[in-house]
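One structure is given below, encoded as structure tokens.
Protein chains in written order, with our numbering: chain A, 249 to 631; chain B, 249 to 631.
Next comes the structure, spelled out in structure tokens:
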């Protein structure tokens, strides 16, 4: 069989060799539920707290800042609904601000809250190069604003938002609002250990984007921040998130957190690959790379070739054995024009025909050559 | 080290030997996200749909009846909130009925919905022997009732509710209400393949109660039943539950479903063990077993010894190397008097000092003897 190339790391990442074995070797200490007070429970709890400690360190924070969830989608739902419902209960009609280029697990939560009348929403418009500007954010905040949600690294374009600066500015205007950051595409790529000392109130992440198992993630939140739980029940996770804890997931996340903390400069080899691609692609006639490349992580490259259907490109990549994504692969089977590219001012045509390449630990410079061969085939054919 | 005995199967169950290896062997076909349309995604999707098929068969239902969740707590939250919010949005003030002996993941959801004014709740009182009677249920239903939630097998007592009969009666009085069943402690113990043909609208289950991984479960629901999603986002699970799918969990659940379907009479060996215990314990002075033993699954035995503190019993079991639970172990670290026993009319004293023994595939007749030795020690000491 032809060697397959995976260039869809922003969707999900493979685990390092032996990772699953390591998880279940650790879990042999106990199959128990960490809530049980007997031997089997206590052993499980110890494993869980070891993992929590490592995950907390990713944020430069204490263990009690980490609430394990089923992933970032749950974390985003938990946070946005948790903040809004608490204000709604007090009889207020709260207002929230999200950028108009959030992941659907923030965007669609806002749409729900707005549609049901639980709050009003301002979709703060991003710059045409893909990032949110401070003044835009500040002008969206009003006296009813209770929450601001900003994506750290955009999942479609790789453009980085200056979340610390934006958070400070937002708090400067309204100190008691909640600043939430969707950190999914930042974890393991950018240092996040400053977050525990920052004004940011909460951050969502998923383990499977950094080589962990699917189905586990967390909400980092400042210990003093109170949220209405999304999952009510037996009071697990110190009351923040009920449900028997996903032990394989938690142990996996802890292992990956430890590996990330020990790794230096994770992006160096990707920078070489990405530069190689960008230099060669940007000169091709009709090919456009989206987003401000100086603010882009070298994990993501989003482009269109004018006059070429995204579907056709996808098919050609598929035939060449290269797995890429059209728009946000998190949009289950969807082929709507990209909301993110639309927010950047691109036409419906561009937004519906974009391709996202994304890279990770297993990506090789040879992958770039295979990708370039596909892309050049189109440009030459067209020319 | 002393051989440890596990008698807390209702809290969680160990996986069969080799189960995890089997899960990750299957997952070698792809690490992709099932939502991705490339090769890696399609392979993952195939594995997911194979698993869904097996899980659906547990309910005698089609694949599209199964919505994978992070477990029964999420499923219960999803269902109750999903039904109530839809009515709330229409400007109604809906009413729901739950028994007063539901698991906390139903009870505390109802408390939340009530406390926030989204609906009113009737907590239908169970019989002193632990089950819900038809007339009690019917008298709790009124013209505003939109949902009835009934636990199938009680997690603390093992008492079985006649859910089919109760569901029919409820629908007979108000055809368009939603009948939800918490099936966590029934799965793998009672045949559930009749549910797909019944009037029951939805059922919650968790895989870790039947030897699967922790962190995965599902909501079975009739395909025509519409619910507001609990997790908004990318539209996974046909729009019912967003978030990248927990592939290890899903594959694990599929394997366990298949094993359950192929197994005959799972309770036979437990019946022998349970009868052995019940015969010897019920004659001990001051020892009381709770619940109607003729309606009890031979998986669970809930008792108190009058005048003996639950804590003291727990400690003695612990020292004997026997893992048991006080009240509902799902109540993370809690030592409140059992809500279920209180609902059965027991005093606060009894409800705070009960012990739950629960058994499963790995339980042996010798476990009964070790348990009896502990219990007899107390009764003799007392006498």
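Backbone N, C-alpha and C define an ideal beta-carbon position, used for all residues, glycine too.
If you measure from the beta carbon of residue 460 of chain A to each beta carbon in chain B, is any gap under 8 Å?
Residue numbering aside, residue 460 of chain A sits at position 212 when the first chain is read from its first letter. False, the Cβ-Cβ gap to chain B never drops below 8 Å.
Residues near residue 577 of chain A in its chain [Cβ-Cβ closer than 8 Å; skip 5 each side]
Locating residue 577 of chain A in the first chain gives position 329, counting from the first residue. For residue 577 of chain A, the predicted structure reports a pLDDT of 46, less than 50, and the residue's modelled location is therefore unreliable. A value from the coordinates is still provided. Closer than 8 Å at Cβ, skipping near neighbours: 256, 258, 259 and 604.
Supposed close pair residue 271 of chain A, residue 500 of chain A - CB separation, criterion 8 Å
For the purposes of this step, residue 271 of chain A is taken as residue 23 along the first chain, with counting starting at 1. For the purposes of this step, residue 500 of chain A is taken as residue 252 along the first chain, with counting starting at 1. Between residue 500 of chain A and residue 271 of chain A the Cβ distance is about 5 Å, and since that is below 8 Å, they are a contact.
Taking the Cβ atom as the reference point for each residue, do residue 478 of chain B and residue 306 of chain B lie within a distance shorter than 8 Å?
Residue 478 of chain B sits at position 230 when you count from the first residue of the second chain. Residue 306 of chain B sits at position 58 when you count from the first residue of the second chain. No, they are not a contact pair.
Who does residue 438 of chain B pair with in a DSSP beta bridge?
Here residue 438 of chain B refers to the residue found at position 190 of the second chain. Partner(s): B:435.
Near residue 485 of chain A, what residues of its chain come up, given a Cβ to Cβ distance below 7 Å and the 5 sequence neighbours on each side ignored?
The residue you call residue 485 of chain A lines up with position 237 of the first chain. Excluding residues within five positions, the ones whose Cβ falls inside 7 Å are 315 and 316.
Could you say which of A:495, A:465 and A:445 lies nearest to residue 471 of chain A if we only look at CA atoms?
Here residue 471 of chain A refers to the residue found at position 223 when the first chain is read from its first residue. Of A:495, A:465 and A:445, the residue nearest in Cα terms is A:445.
So, under 8 Å CB-CB, residue 622 of chain B and residue 565 of chain B are touching, yes? Tell me the CB distance rounded to an integer number of Å.
Residue 622 of chain B sits at position 374 when you count from the first residue of the second chain. Residue 565 of chain B sits at position 317 when you count from the first residue of the second chain. About 6 Å separates the two Cβ atoms, so the contact holds.
Short of 7 Å in beta carbon distance, which residues of its chain neighbour residue 458 of chain B, apart from the five on each side in sequence? Order them along the chain.
In the second chain, counting from the first residue as 1, residue 458 of chain B sits at position 210. The answer, listed in chain order, is 261, 435, 436, 504 and 508.
I'd like the span of the alpha helix (DSSP H) that includes residue 508 of chain B, first residue to last.
As a working mapping, residue 508 of chain B is identified with position 260 in the second chain. Where residue 508 of chain B is concerned, the enclosing alpha helix (DSSP H) stretches over 495-510.
Within this structure, are the beta carbons of residue 610 of chain B and residue 254 of chain B separated by less than 8 Å?
Start at 1 with the first residue of the second chain, and residue 610 of chain B comes out as number 362. Start at 1 with the first residue of the second chain, and residue 254 of chain B comes out as number 6. Going by C-beta atoms, residue 610 of chain B is nearer than 8 Å to residue 254 of chain B.
Opening and closing residue of the beta strand (DSSP E) in which residue 368 of chain A lies:
As a first step, residue 368 of chain A is located in the first chain; it is residue number 120 there, counting from the start. Looking at the DSSP string, the run of the beta strand (DSSP E) that includes residue 368 of chain A is 368-372.
Let me make sure I understand the geometry here. Which of B:513, B:380 and B:626 has the alpha-carbon closest to that of residue 539 of chain B?
As a first step, residue 539 of chain B is located in the second chain; it is residue number 291 there, counting from the start. Comparing Cα-Cα distances from residue 539 of chain B to each of B:513, B:380 and B:626, the minimum goes to B:380.
In whole angstroms, what separates the C-alpha of residue 524 of chain B from that of residue 409 of chain B?
What you label residue 524 of chain B is simply residue 276 of the second chain in a count that begins at 1. What you label residue 409 of chain B is simply residue 161 of the second chain in a count that begins at 1. Approximately 24 Å between the Cα atoms of the pair.
Reducing DSSP to helix, strand and coil, say where residue 298 of chain B ends up.
Position 50 of the second chain, counted from the start, is the residue given in the question as residue 298 of chain B. Reduced to three states, the DSSP call for residue 298 of chain B is helix.
In three-state DSSP terms, what is residue 420 of chain A?
Your numbering for residue 420 of chain A matches position 172 in the first chain. In this structure, residue 420 of chain A counts as helix in the three-state DSSP scheme.
Distance cutoff 8 Å, beta carbons only. Does residue 626 of chain A sit that close to anything in chain B?
Counted from its first residue, the first chain places residue 626 of chain A at position 378. Judged by the 8 Å Cβ criterion, residue 626 of chain A is not in contact with chain B.
The beta strand (DSSP E) spanning residue 381 of chain A covers which residue range?
To locate residue 381 of chain A, count along the first chain from 1; it is residue 133. Run containing residue 381 of chain A: none; DSSP gives neither H nor E here.
Quick one: what's got a C-beta closer than 6 Å to residue 626 of chain A's C-beta in the same chain, skipping five residues either side?
The residue labelled residue 626 of chain A in the question sits at position 378 within the first chain. Within the same chain, residue 626 of chain A has close Cβ partners 553 and 556.
Give the interface partners of residue 259 of chain B over in chain A, defined as CB-CB distance under 7 Å, in chain order.
Against the second chain, residue 259 of chain B aligns to sequence position 11. The contacting residues are 281 and 284.
Does DSSP classify residue 426 of chain B as helix, strand or coil?
The residue you call residue 426 of chain B lines up with position 178 of the second chain. Here residue 426 of chain B sits in strand by DSSP.
Residues in its own chain within less than 8 Å of residue 392 of chain B by CB, not counting five upstream and five downstream?
In the second chain, counting from the first residue as 1, residue 392 of chain B sits at position 144. Once the five neighbours on either side are set aside, the close Cβ partners of residue 392 of chain B are 340, 341, 342, 343 and 368.
Uninterrupted beta strand (DSSP E) stretches inside the region 521-564 of chain B (no shorter than 3 residues)
535-537 and 548-553
Selected residue, minimal CA-CA separation from residue 534 of chain B, among B:493, B:598 and B:545:
Here residue 534 of chain B refers to the residue found at position 286 of the second chain. Out of B:493, B:598 and B:545, B:598 has the C-alpha closest to the C-alpha of residue 534 of chain B.
Checking contacts by CB at 8 Å: is residue 499 of chain B closer than that to chain A?
By one-based count along the second chain, residue 499 of chain B stands at place 251. Chain A, which has no Cβ nearer than 8 Å to the Cβ of residue 499 of chain B, makes this no.
Residue 256 of chain B at chain A interface by Cβ criterion, 8 Å
Counting from 1 along the second chain, the entry for residue 256 of chain B is found at position 8. Output row for residue 256 of chain B: interface = yes.
Burial state of residue 300 of chain B (16 or more Cβ within 10 Å)
Locating residue 300 of chain B in the second chain gives position 52, where the first residue counts as 1. Buried: at least 16 other Cβ atoms inside 10 Å.
Does DSSP put residue 626 of chain B in a helix, a strand or coil?
What you label residue 626 of chain B is simply residue 378 of the second chain in a count that begins at 1. Reduced to three states, the DSSP call for residue 626 of chain B is helix.
What does a CB cutoff of less than 6 Å around residue 321 of chain B pick up in its chain, not counting 5 residues either side in sequence?
Sequence index remark: in the second chain, residue 321 of chain B carries index 73 (1-based). Excluding sequence neighbours, residue 321 of chain B sits near 353.
Within-8 Å CB hit, residue 431 of chain B to chain A:
Position 183 of the second chain, counted from the start, is the residue given in the question as residue 431 of chain B. With 8 Å as the cut-off, residue 431 of chain B does not count as an interface residue toward chain A.
If you measure from the beta carbon of residue 425 of chain B to each beta carbon in chain A, is any gap under 8 Å?
In the second chain, residue 425 of chain B corresponds to position 177, counting from 1. Judged by the 8 Å Cβ criterion, residue 425 of chain B is not in contact with chain A.
Can you check whether the CB of residue 427 of chain A is closer than 8 Å to the CB of residue 453 of chain A?
To locate residue 453 of chain A, count along the first chain from 1; it is residue 205. To locate residue 427 of chain A, count along the first chain from 1; it is residue 179. For residue 453 of chain A and residue 427 of chain A, no; Cβs fall outside 8 Å.
Count the other CB atoms within 10 Å of the CB of residue 643 of chain A; is the residue buried (16 or more) or exposed (fewer)?
A question about residue 643 of chain A goes unanswered here, because the residues of chain A that appear run from 249 up to 631.
Going by beta carbon distance, what residues of the same chain come within less than 6 Å of residue 336 of chain A, once the five residues before and after it are set aside?
In the first chain, counting from the first residue as 1, residue 336 of chain A sits at position 88. Around residue 336 of chain A: 366.
Closest to residue 406 of chain B by C-alpha separation, out of B:522, B:483 and B:362, would be which residue?
One-based indexing of the second chain puts residue 406 of chain B at position 158. The option with the nearest alpha carbon to residue 406 of chain B is B:522.
Are the C-beta atoms of residue 523 of chain A and some chain B residue less than 8 Å apart?
By 1-based counting over the first chain, the position of residue 523 of chain A is 275. Not an interface residue.
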